[in-house]
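S.K.: Its first residue numbered 1, the sequence shown is counted upward by one per residue in the UniProt record's numbering. C-beta atoms are modelled at their ideal positions from N, C-alpha and C, and glycine is treated no differently. Computed from a predicted model, the values in this text were never measured in an experiment. Sharing a structure, written as structure tokens. Questions coming.
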Amino acid sequence: MNAFRKAAKLWRDNTCIDIYEVRWAREAIQVGRGRGCWSSVGKTRGIQDLSLGQGCDTVGIAAHELAHALGFYHTQSRHDRDNSIYVFTQNIEPQWLNQFTRETRSTNYNYGLPYDYGSVMHYGATSGTIDKRSRPPTMIPKDQRYFETIGSPFISFTDVLMMNMHYNCTGCECSSLCSYSALGPVPIVPAENNPRICLV
1 MNAFRKAAKL WRDNTCIDIY EVRWAREAIQ VGRGRGCWSS VGKTRGIQDL
51 SLGQGCDTVG IAAHELAHAL GFYHTQSRHD RDNSIYVFTQ NIEPQWLNQF
101 TRETRSTNYN YGLPYDYGSV MHYGATSGTI DKRSRPPTMI PKDQRYFETI
151 GSPFISFTDV LMMNMHYNCT GCECSSLCSY SALGPVPIVP AENNPRICLV
């Protein structure tokens, strides 16, 4: 559960979401070691299960699953994804197909933010591939410069911004975006490294 705690801290430190550990609550996210890595999308009533099973105990995977619990779909499932990626359903394992289902405008709102190849919510080019040996791609970016970017284990600036917009707490009165790096501290004025604070 150390990876989950670190992932929760990343979301907590860089968004307005308060995530804290409790022994008991009527409504909470319960993290366990089920089969695989999964969470439902968005809040459910009562206790909401989030699984970090074998092979899932990394900060990137935990951050990804926690974002699902907080309401995020996969980036490759955005309703506008066909403008940014090619999806090869013939190369996808049948049990993985639902991970690539394109959402509709009514189920997936992206706050006017551009497609983010570097999102922690984006699968890699061979995720869910049907052949583990030859590893044919399940998707590729239309802009080939982003081929190595997809499947990032890091929370991106756009992830942070979207989370704050999703919970109506951008913390900014100004129109410009704040400078931020999810990869770690940036040696600049601290306020410029915090998406909760905008400098005019």
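What's the call for Gly32, buried or exposed, on a 16-neighbour Cβ count within 10 Å?
M.R.: To locate residue 32, count along the sequence shown from 1; it is residue 32. Looking at its Cβ environment, which holds fewer than 16 other Cβ atoms inside 10 Å, Gly32 is exposed.
S.K.: Helix, strand or coil for Asp49? Go by DSSP, reduced to three states.
M.R.: For the purposes of this step, residue 49 is taken as the residue at position 49 of the sequence shown. The answer is strand: DSSP assigns Asp49 an E or B state.
S.K.: Rounded to a whole number of angstroms, what is the C-alpha to C-alpha distance between His74 and Gly151?
M.R.: Here residue 74 corresponds to residue number 74 of the sequence shown, with the count starting at 1. Here residue 151 corresponds to residue number 151 of the sequence shown, with the count starting at 1. C-alpha separation (whole angstroms): 11 Å.
S.K.: If we count the other Cβ atoms within 10 Å of its Cβ and call it buried at 16 or more, is Asn110 buried or exposed?
M.R.: Here residue 110 refers to the residue found at position 110 of the sequence shown. Under this definition Asn110 is a buried residue.
S.K.: Whole angstroms is fine: what's the gap from Arg26's alpha carbon to Leu66's?
M.R.: Locating residue 26 in the sequence shown gives position 26, counting from the first residue. Locating residue 66 in the sequence shown gives position 66, counting from the first residue. One C-alpha to the other measures close to 18 Å.
S.K.: Ala25: beta carbon under 7 Å from a heavy atom of the ligand ZN?
M.R.: The ligand ZN is absent from the structure shown, which contains no ligand whatsoever.
S.K.: Identify which residue in Trp24, Val59, Leu161 has its Cα closest to the Cα of Gly112.
M.R.: The residue labelled residue 112 in the question sits at position 112 within the sequence shown. Taking only the C-alpha atoms, the option nearest Gly112 is Leu161.
S.K.: Express the C-alpha separation of Met163 and Cys169 in angstroms, rounding to a whole number.
M.R.: Here residue 169 refers to the residue found at position 169 when the sequence shown is read from its first residue. Here residue 163 refers to the residue found at position 163 when the sequence shown is read from its first residue. Distance between the alpha carbons of Cys169 and Met163 is about 9 Å.
S.K.: Can you pull the DSSP bridge partners for Gly32?
M.R.: For the purposes of this step, residue 32 is identified with residue 32 of the sequence shown, where counting begins at 1. Paired residues: Ser51.
S.K.: Excluding the 5 residues preceding and the 5 following Cys37 in the sequence, name in chain order all residues of the same chain whose CB lies nearer than 7 Å to its CB.
M.R.: In the sequence shown, counting from the first residue as 1, residue 37 sits at position 37. Ser51, Leu52, Gly53, Cys56, Ile61, Glu65, listed in sequence order.
S.K.: Could you give the first and the last residue of the continuous alpha helix (DSSP H) run that contains Phe59?
M.R.: Stepping through the sequence shown from its first residue, residue 59 is reached at position 59. As written in the sequence, residue 59 is Val, which differs from the Phe given in the question. Counting along the chain, the alpha helix (DSSP H) containing Val59 begins and ends at 59-69.
S.K.: With 16 other CB atoms within 10 Å as the buried threshold, where does residue 203 fall?
M.R.: Outside the shown range of the chain, which is 1 to 200, sits residue 203, and nothing can be said about it.
S.K.: Taking the beta strand (DSSP E) that Val160 belongs to, which residues open and close that run?
M.R.: Position 160 of the sequence shown, counted from the start, is the residue given in the question as residue 160. Taken as a continuous stretch (DSSP letters only), Val160 belongs to no beta strand (DSSP E), being part of the alpha helix (DSSP H) at 157-166.
S.K.: With DSSP collapsed to three states, give me the class of Ser127.
M.R.: In the sequence shown, residue 127 corresponds to position 127, counting from 1. Residue state, collapsed to three classes: coil.
S.K.: Which same chain residues, not among the five before or five after Thr126, have their C-beta less than 7 Å away from its C-beta?
M.R.: As a first step, residue 126 is located in the sequence shown; it is residue number 126 there, counting from the start. The residues are Arg135, Pro137, Thr138.
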